[in-house]
Every structure is written in C-alpha cells, then in structure tokens.
Amino acid sequence: MARFAADLARIALPGDCVALSGDLGAGKTSFARAFIRALDGDTELEVPSPTFTLVQEYATCPPVAHFDLYRIADPDEVAELGLDEALEAGIALIEWPERAGTALPAGAIGLAFSETVTDAGADARTIAIEAPEAAVARIRRTLAIRALLLSAGHGGANRAPLTGDASTRRYETATDGAWRAIVMDAPPMPDGPPVRDGKPYSQIAHLAEDIGPFVAVARILTGAGFAAPEIMAVDHEAGLILLEDLGEDGVLDAARRPIPARYEASVDCLAAMHATDWPREIVLEDGTVHRVPAFDLGAFLIEVDLLLDWYVPRVAGAPASAEDRQSWHAIWQVLFATVDAGPKTLAMRDFHSPNIVWRGERTGHDRVGLIDFQDALWTHPAYDVMSLIRDARVTVEPDLQSRLLEAYCAARDQQAGDFDETGFRECSAILAAQRAAKLLGIFVRLDERDGKPGYIAHLPRIQTYMRQSLCHPALADLDAWLAARGLLDVTVEPR
764 MARFAADLAR IALPGDCVAL SGDLGAGKTS FARAFIRALD GDTELEVPSP
814 TFTLVQEYAT CPPVAHFDLY RIADPDEVAE LGLDEALEAG IALIEWPERA
864 GTALPAGAIG LAFSETVTDA GADARTIAIE APEAAVARIR RTLAIRALLL
914 SAGHGGANRA PLTGDASTRR YETATDGAWR AIVMDAPPMP DGPPVRDGKP
964 YSQIAHLAED IGPFVAVARI LTGAGFAAPE IMAVDHEAGL ILLEDLGEDG
1014 VLDAARRPIP ARYEASVDCL AAMHATDWPR EIVLEDGTVH RVPAFDLGAF
1064 LIEVDLLLDW YVPRVAGAPA SAEDRQSWHA IWQVLFATVD AGPKTLAMRD
1114 FHSPNIVWRG ERTGHDRVGL IDFQDALWTH PAYDVMSLIR DARVTVEPDL
1164 QSRLLEAYCA ARDQQAGDFD ETGFRECSAI LAAQRAAKLL GIFVRLDERD
1214 GKPGYIAHLP RIQTYMRQSL CHPALADLDA WLAARGLLDV TVEPR
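Residue numbers (this note's numbering): 764 to 1258.
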C-alpha cells in the first residue's frame, strides 16, 4: 500500500483531486499517510487522521491538503473547508468523497478500496481506479517504472525525483538498502510538425526520438572501456531504462567553477575516445540496428537557425529578413564544408559539466563518467572538445581553455604522430561558433516558449564564447555579419 501511494505521489500534479472511497478500515488513511510522506520525503512525518479537524494541510512540494468528509452534514460545507483554494496550487486527498455530492470536482481521480484475502489467506486490499484519460496515462507510467524495478529484482525500491535537464526526460533515484540506481523516463516522442522539407525538427537535427540510441551508444562505450552507466533493465516500448548510478560528484567546485584537473582528465578521456575505432552501426538485443547519424548540412544549418528564429527577434525586435537568412546560410555552408572535410568520430554532442560525473576513487579514464549521449553524432572530433572547453553552463577562463586545447592536441599528436593541429584548431573555432549560435537561440526559446527564465543568465557567457571564436580568420565573414547587426552587444532580460 505504501509503495503504491508513493508511486502515485511521484506523478501527482497541482490541481489533482484524489477521491479515496471505501469502508472503514479499507486503507484510505494508510494510503493518504504514505502518499503525504512520499511527497515530503520524510518516512516518519506525523500524518494524523483529519477525522475531527476535517482538513489537514502539508507544505510539501507540491502542497497537499488531506480532507476527511465523514462528519460533514451537507455538501455545501466542502467549499467552506477550502477545497477550491487547495487545488489552485496543490493536491487534495479526500476521504469519504461521496459525502461531497456535486461539490466534488469533475475529473477527480477515484480510488475505491476494498478488503480481500489472498490465496494464501493473507489480508490484502484491492484498489479500483477511475480517472480521466490523462491521469490514467500518468498512473500507468508510474506503475511501469515499478514493474521495471521488479524485473531487475528490486521491486521494493524507494523512488525519489532527481533533477532533470532542459529536455523532456525525467529522472529518478531508486534505492533498496545499499543498492542504488537511476531511472531514465524518456517516453517515445512523436514527430513534431514539419518545419523544413516536410520533416520535423528532431528528424533534421538527428535528435533521439526513443531510448534505442542511448542504449546502443552506452553498449559501445562500456564495451570500449569507457565509464558509461551499465544498463540493468530496459522497457523499450515504454521508454524506460534502469541505469547504474555513476555517482553525484562533478567537475565543478563548490562555487561552480571548473576544477582544472578534472577538466584536464576529461579532455584526456576525449583524446582516448577519438583514437578509438567506433562502429557506425550498433545492433541492439532485439535485433534492431542503430546507425549513428552524421552531423550533416541539414542538422548543422537548422541548429544555427535557432539564433535567427529566437535570439534575433528577441534582441532586434523583429524577425530576421529573408535576405539575412540567405546570407547567414551562405556563410555557414562554407564553414560546414571545412568541418565536413576533416576526420570523423563518435561525438557525445553535449559533453560538458552537467553531463560528466567525477569518480575520484577510480583511475585513468574510468574517473570520467559519461551520461546524456542519446543524441550522439558522427562528426569532427573538435565538436566535443569545444563543448567542454566552452562549457555552456559555467565560465571557462581563456587561460584554462588554452591549456585544455593544448593538452588535447598533444595527446592526439602522441597517439597519431600526424595530427593536423592547424586544421583541428580551425574546425574547433567553427564548431564552437556553431554551438554558440545554437545555444543563443535555445536559451531564449527555453525562456520564451518553455517558461524557464533561468537559462537567460547564461547568455552573456555564450556571447563571450562567440566573440572568442570569431577571432579565428576562418570566421571573418561571420564576424562581419554579426557585427553589422550588433547581435552580440545586447543584454537580454528574462520574459
């Protein structure tokens, strides 16, 4: 009962009204107590029955109000208890909901408890669920996660939310005694509307639309001796993965500044990865084949167009003109040709501080834990190097940038002997600028479309990184294009 209540608490949203019906002793209060404790994160939280107080409120996240309507004489009393107010910002658990009559909100999630006995003669409960389709989908999802844990031999594990990222993926920790793992909740994403040449953005940019690419890339990374998480269980259809927990330490200090030694180890890890002969086609357990997509011209351009689509309208107050788009594309097509003529390797695509786990107790490359590589591409090795050196989330000072780039080039030259450092530095500048253009657009989009204003704080850093890239002679035309429009000399405020 407690596990089921906790699983429902994981997917409860503000505005959810959960109606708990059943006879005395059927388990309604036990369910409510476990639900509230799960939301609070305190398994010992005092949760008295509100039989006499009628309502008990808890400052959980989101807040929850626990109602017991057994003693009310008239449904009109429900409004006086503050049900509407409770649902504006939080969740309501209602015991004896039938006494609310028509005051019970439409679309409530109904849980009907009944006593039963198992074949072995043990006391048990049956819970019948009646809810709107969207709520049922959420409930099925949380129960699918419980089934995944059960398949791995940890059906009794405790679940807790884990901070996610800018994507639609969700993460949880699962603990069972000393055992600990991570649940990746990434349901298959349907294609969005066509945006170019009849294709959706995700298809053009080669973004993973299911968990297959993550599973595939994890297999080859661990097979080559790199520290990607072990995959313990997978539900491909649901988009659920149970992963090894690589740890909680990162490559930043307490003030969120880069720890040079850890960045140097990460660059060294990249050099080793780029000396590895990776397969482009990866066969999964079910026989399907994942082919690592190339970072082609279509993906290259649609990413830099995020600057035109989101950043330019915000800072210029008007959409980019057709002439601007044409000249913008002409510049980037030339730059892409330079990058595309160079060597290719497996690129993690977002190899920076949020996606690196530091494992100080290990040695060598095993210290550098790799996560978030479902969108991996086949492209120039400079892509991941500059993703780290020009870390989007923290400021990497020019001196450290130079040291890291020199360390990478020295390691690659030692491996190959004929390493083209001049060509690598040129492609590094190009790809760093390409990534900066993409991020300027994405961070504005996260603020404007997705209601995540915190990303705007990163824009000055990305503007600085762009200016640093523009110092390379290969980017003279891009430098002139941006300067003519004054796009890097502005301060952007959150909406």
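For glycine and all other residues, C-beta sits at the position ideal for the given N, C-alpha and C.
| query | result |
| --- | --- |
| Whole angstroms are fine: how far does the CA of A1017 sit from the CA of F1099? | 38 Å |
| Would you mind sorting C824 into buried or exposed? The rule is 16 or more other CB atoms within 10 Å of its CB. | exposed |
| Assess contact between the segment 1083-1098 and the segment 1226-1234, defined as three or more Cβ pairs (one per stretch) separated by less than 8 Å. Is contact present? | no |
| Just to confirm my understanding: we take G788, look at its own chain, exclude 5 residues before and 5 after, and list those with CB closer than 8 Å. What are they? | E878 |
| Would you kindly report the start and end of the unbroken alpha helix (DSSP H) that includes L771? | A765 to I774 |
| Counting only the same chain and skipping the five closest in sequence on each side, list residues whose C-beta sits under 7 Å from that of T1051. | G975 |
| Taking only three categories from DSSP, how would you classify V880? | strand |
| With DSSP collapsed to three states, give me the class of C780. | strand |
| Going by other Cβ atoms of all chains shown within 10 Å of its Cβ, with 16 needed for buried, is V1097 buried or exposed? | exposed |
| Where do the N-terminal and C-terminal ends of the alpha helix (DSSP H) with E896 fall, by residue? | E896 to S914 |
| Counting pairs of beta carbons, one from the segment 887-897 and one from the segment 800-809, are three or more of them closer than 8 Å? | no |
| Between F1187 and chain B, is there a C-beta pair that is closer than 9 Å? | Looking at the structure shown, chain B is missing, and only one protein chain is on hand. |
| What are the start and end residues of each continuous beta strand (DSSP E) run of 3 or more residues lying completely inside the segment 1065-1118, in chain order? | 1108-1110 |
| The alpha helix (DSSP H) with W1244 in it runs from where to where? | A1239 to R1248 |
| Can you look up P963 in the DSSP assignment and give me helix, strand or coil? | strand |
| Indicate whether D1129 and A990 have their beta-carbon atoms separated by less than 9 Å. | yes |
| Any idea what DSSP makes of T865, helix, strand or coil? | helix |
| Might you give, ordered along the chain, the residues of its own chain that have their beta carbon closer than 6 Å to the beta carbon of L1070, omitting 5 neighbours on each side? | A1200, L1203 and G1204 |
| Can you give me the start and stop residues for the beta strand (DSSP E) that D939 sits inside? | R933 to D939 |
| Pick from A765, D998, A883 and K791: whose alpha carbon is nearest that of E1048? | D998 |
| In three-state terms, what does DSSP make of E807? | coil |
| Could you give the distance in angstroms between the alpha-carbon of M1111 and the alpha-carbon of L1209? | 22 Å |
| What are the boundary residues of the alpha helix (DSSP H) that T889 is part of? | T889 -> not in any alpha helix (DSSP H); beta strand (DSSP E) instead, spanning D886 to E893. |
| So, with DSSP's three-state summary, where would you put D847? | helix |
| Here's a check: name, in chain order, each residue in its chain whose Cβ is nearer than 7 Å to the Cβ of F1187, leaving out the five neighbours to either side. | A1145 and C1172 |
| Determine whether the beta carbon atoms of E1002 and D948 lie at a separation below 9 Å. | Residue 1002 is actually Gly in this sequence, not Glu. It is a contact, given that the beta carbons lie within the stated cut-off. |
| Please report the straight-line C-alpha distance between A1015 and P1216, rounded to a whole angstrom. | The sequence as given places Leu at residue 1015; Ala does not occur at that position. The straight-line gap from Cα to Cα measures roughly 23 Å. |
| Reducing DSSP to helix, strand and coil, say where I1205 ends up. | helix |
| Between which two residues does the beta strand (DSSP E) containing L1251 stretch? | Neither: L1251 is in no beta strand (DSSP E) and is coded neither H nor E. |
| I think I1219 touches V1255, with their Cβ atoms under 8 Å apart; what is that distance to the nearest whole Å? | 6 Å |
| Which residues in the same chain as A898 place their Cβ atom closer than 6 Å to its Cβ, once the five residues preceding and following it in sequence are excluded? | I872 |
| Since G1132 is in the beta strand (DSSP E), which residue starts that stretch and which ends it? | V1131 to L1133 |
| Measuring CB atoms only, is the segment 955-967 touching the segment 821-838, in the sense that at least three cross pairs come out at less than 8 Å? | no |
| Please report the straight-line C-alpha distance between F794 and A941, rounded to a whole angstrom. | 26 Å |
| Whether or not the segment 843-854 and the segment 814-829 are in contact is what I'm after, with contact meaning three or more pairs of Cβ atoms, one per stretch, closer than 8 Å; do they touch? | yes |
| With a threshold of 6 Å on Cβ separation, who are the neighbours of A923 within its own chain once the five nearest residues in sequence on each side are excluded? | T936 |
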